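Residues -13 to 288 in this note's numbering are what the sequence shown spells out, letter by letter. From the three backbone atoms N, C-alpha and C, an ideal C-beta is built for every residue, glycine too. Everything numeric in this text was worked out from a predicted model, so none of it was measured.
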Amino acid sequence: MAPGGSACKDVIESHPKTLKYDVATTKTDKSLTRIATGKHIIQSPNGVHELLECPVCSTLMYPPIHQCPNGHTLCSNCKLRVHNCCPTCRLEMGNIRCLALEKVAESLELPCRHQNLGCHDIFPYYSKLKHEQNCQFRPYNCPYAGSECSINGDIPFLVTHLKDDHNVDMHDGCTFNHRYVKSNPHEVENATWMLTVFNCYGRQFCLHFEAFQLGMAPVYISFLRFMGEDDEAKKFSYLLEVGGYGRKLTWQGVPRSIRDSHRKVRDSQDGLVLPRNLALFFSGGDRQELKLRVSGRIWKEQ
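Here it is, written out as structure tokens:
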């Protein structure tokens, strides 16, 4: 037992794990790790990248990196999970920082984890994580808001996924004219949202329409989302129009990127918002059934 160390009462069993690398390793030697230095990537026989992986969660460790009296390292999150007990030697961890390993990490430069999706930039170790959280090549979440869909991927994959798995309507062109019908519009919580995907200017746009409760008032909202990044979305504009009986309500806006969730856009009311009474007026008849026609167009700003 190391000086000053004490055995933990609760034994935490450690099991071998398959390490998940953010950088490639050679097939000839498992200890060879590719480390980027400047504009070049060299191979290091020291397995430094492996040393920086937490033995519990297998993710890269960031300061504070902890070590037990015997020198076994652990990330700060897992230190709490194992109740301050080293999962390797079962000694009490204490509050020892592994300053040497933190210093080594400062000297590393690594490729983005989304390298296979098109990001070929190299980043200092401590900048890599922040970049990956905002990397424009990171996968997009499925924009289908009718269920909690956990699928993610690039745009071509998601377009196919929406068509095949969610039966979403696909339309070519930059103008549209949709009619939404609801037999009992007074049941707002049951007025399910709808989605159509438009192929326009070689890009894809999602048209949403749904009912929700805005405070105590039942309302309908329609808005457009762009399947791509926000800076690209701002190059387009769209117009929504609803009306009847000589009245017309128009909304003009900029489509939001699907990086913003459907709920976020809806709750910010960034679209054509229509109170239920007005929607029923546009529907005509005895106001017992929703028959709303929403038309619109998409154009590219010069």
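When DSSP builds the beta bridges, which residues end up paired with residue i?
{"i": "Met213", "result": "Its beta-bridge partners do not exist; DSSP assigns none."}
{"i": "Tyr48", "result": "According to DSSP, Tyr48 bridges with nothing at all."}
{"i": "Tyr206", "result": "Ala197, Leu260"}
{"i": "Trp237", "result": "Leu226"}
{"i": "Val183", "result": "Met156, Cys192"}
{"i": "Leu96", "result": "Phe109"}
{"i": "Cys71", "result": "Glu78"}
{"i": "Asn127", "result": "Asn138"}
{"i": "Ser243", "result": "Phe212"}
{"i": "Arg83", "result": "His52"}
What separation, rounded to the nearest whole angstrom, lies between the Cα atoms of residue i and residue j?
{"i": "Pro296", "j": "Val154", "result": "Nothing can be reported for residue 296, as the shown portion of the chain is limited to -13 through 288."}
{"i": "Gly139", "j": "Met156", "result": "19 Å"}
{"i": "Leu38", "j": "Phe123", "result": "25 Å"}
{"i": "Asp256", "j": "Glu215", "result": "17 Å"}
{"i": "Cys61", "j": "Cys71", "result": "12 Å"}
{"i": "Cys128", "j": "Thr74", "result": "40 Å"}
{"i": "Leu77", "j": "Val240", "result": "58 Å"}
{"i": "Ile137", "j": "Ile244", "result": "14 Å"}
{"i": "Lys168", "j": "Leu276", "result": "5 Å"}
{"i": "Arg165", "j": "Val280", "result": "6 Å"}
{"i": "Phe191", "j": "Asp158", "result": "10 Å"}
{"i": "Leu278", "j": "Met180", "result": "13 Å"}
{"i": "Thr146", "j": "Val183", "result": "11 Å"}
Give me the residue from the options with the minimum Cα distance to residue i.
{"i": "Gly80", "options": "Ser223, Ala86, Arg233, His58", "result": "His58"}
{"i": "Cys43", "options": "Arg67, Asn56, Gln53, Gly270", "result": "Arg67"}
{"i": "Glu227", "options": "Phe195, Asp253, Pro204", "result": "Phe195"}
{"i": "Phe198", "options": "Ser254, Leu144, Thr45", "result": "Ser254"}
{"i": "Ala131", "options": "Cys121, Leu225, Leu193", "result": "Leu193"}
{"i": "Met47", "options": "His69, Asn56, Pro55, Glu88", "result": "Glu88"}
{"i": "Arg262", "options": "Arg249, His172, Asp158", "result": "His172"}
{"i": "Lys250", "options": "Gln238, Asn170, Leu210", "result": "Leu210"}
{"i": "Val90", "options": "Gly104, Glu36, Ala265, Arg233", "result": "Glu36"}
Cβ of residue i within 7 Å of any heavy atom in the ligand COA?
{"i": "Asp272", "result": "Absence of the ligand COA is noted for the structure shown, with no ligands found whatsoever."}
For residue i, which residues from the same chain have a beta carbon less than 8 Å from its beta carbon, with the 5 sequence-adjacent residues on both sides left out?
{"i": "Lys221", "result": "Lys286, Glu287"}
{"i": "Tyr231", "result": "Phe267, Phe268, Gly270"}
Identify the continuous alpha helix (DSSP H) that holds residue i and give its terminal residues.
{"i": "Leu115", "result": "111 to 120"}
{"i": "Lys149", "result": "141 to 151"}
{"i": "Asn163", "result": "Counting along the chain, Asn163 falls outside any alpha helix (DSSP H), though it belongs to the beta strand (DSSP E) covering 161 to 168."}
{"i": "His248", "result": "248 to 253"}
Excluding the 5 residues preceding and the 5 following residue i in the sequence, name in chain order all residues of the same chain whose CB lies nearer than 6 Å to its CB.
{"i": "Gln53", "result": "Thr59, Ile82, Cys84"}
{"i": "Lys13", "result": "Its pLDDT being 31, under 50, Lys13 is placed unreliably in this model, and the value from its coordinates should be taken loosely. Correct list: empty, nothing qualifies."}
Along the chain, where does the beta strand (DSSP E) containing residue i start, and where does it finish?
{"i": "Lys286", "result": "276 to 286"}
{"i": "Cys61", "result": "59 to 61"}
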